[in-house]
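Going letter by letter, the sequence shown gives residues 32 to 192 in the numbering used here. Beta carbons: idealized from backbone N, C-alpha and C, even for Gly. Computed from a predicted model, the values in this text were never measured in an experiment.
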Amino acid sequence: LISRAIVLLFLAHNFLPYFGLRFESCQTMFSNFLISADGRSNNHYLFPQTRGSDLGTYLKLRDLKIYWRTAPSLRYQTQEAFLRKASWVNVEALRWILRGMCIQAELISAEVSQDFQTYQSIKNLCLDKFFSFPRLFIPIQLYPPSDGYELKIKEQMGGYR
32 LISRAIVLLF LAHNFLPYFG LRFESCQTMF SNFLISADGR SNNHYLFPQT
82 RGSDLGTYLK LRDLKIYWRT APSLRYQTQE AFLRKASWVN VEALRWILRG
132 MCIQAELISA EVSQDFQTYQ SIKNLCLDKF FSFPRLFIPI QLYPPSDGYE
182 LKIKEQMGGY R
C-alpha cells in the first residue's frame, strides 16, 4: 500500500508541468527545446506545455523602501534583509512575504524588473493588485538554502530574544 502511494505521488509530481504548476523540468534534455518569447509555452515535441500560473517567474527588486508603523519583528527584519540582498526573487514568494510585512508596514515601495533591464516604480506594493495577495497555495521555499545568513542577522541584532 505504501509503495503504491509513493508511485502515485511520483507520477503526480511528474505531471505537474502539464497542469501548468511547474513549468520547467527535465525536458530540457530534448534537443531544440525552446521557450516562447513571452515565456508562457514551449515546443516539446510530444507534450507542448503552457504556463497556468506565474509560479516560476522571478523579479529583480531595486530601491526597496519600507516605512514601518512600529518596530518590525525579527521575522520581518530578516525578510527585509533577504529582499535587499536577493539578486532575484520568486513572484509568489514575494507575495507571501508582502502579505505578512504589509500588516506592520505603512508603505512598501520598490522598483521592479522582469527582464532585469527596465524597471517599473511601484509606489505601494501592499496596494498593488499584482503583489497584494498570494495566488497559489503551493509549498515553495521562501528563502534560499540556509548559509548562516539568518544567524548573522540575528547576531547583529543582539541574538535571540
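- Two segments are said to touch when three or more pairs of C-beta atoms, one from each, lie closer than 8 Å; by this definition the region 103-114 does not touch the region 158-167.
- Straight through space, the alpha carbons of I128 and P103 are spaced by roughly 13 Å.
- Minimum Cα-Cα distance from T88 among the listed residues A124, I33, N45, L32 corresponds to A124.
- By a beta-carbon distance limit of 8 Å, E142 contacts D94. Their separation comes to about 5 Å.
- In the structure shown, the three-state DSSP call for Q135 is helix.
- Counting along the chain, Y150 sits inside no alpha helix (DSSP H), nor does DSSP assign it H or E at all.
- Taken through DSSP and simplified to helix, strand or coil, S34 comes out as helix.
- With a 10 Å radius around the Cβ and a threshold of 16 neighbouring Cβ atoms, I97 comes out buried.
- When the alpha-carbon of K154 is set against those of F147, S140, Q148, the nearest one is in S140.
- Comparing C-alpha distances from C133 to each of W99, Q145, S144 shows the shortest one belongs to W99.
- Taking every protein chain shown into account, the CB of F161 has fewer than 16 other CB atoms within 10 angstroms, so this residue is exposed.
- The shortest CA-to-CA distance from A117 to any of Q135, A136, L90 is the one to L90.
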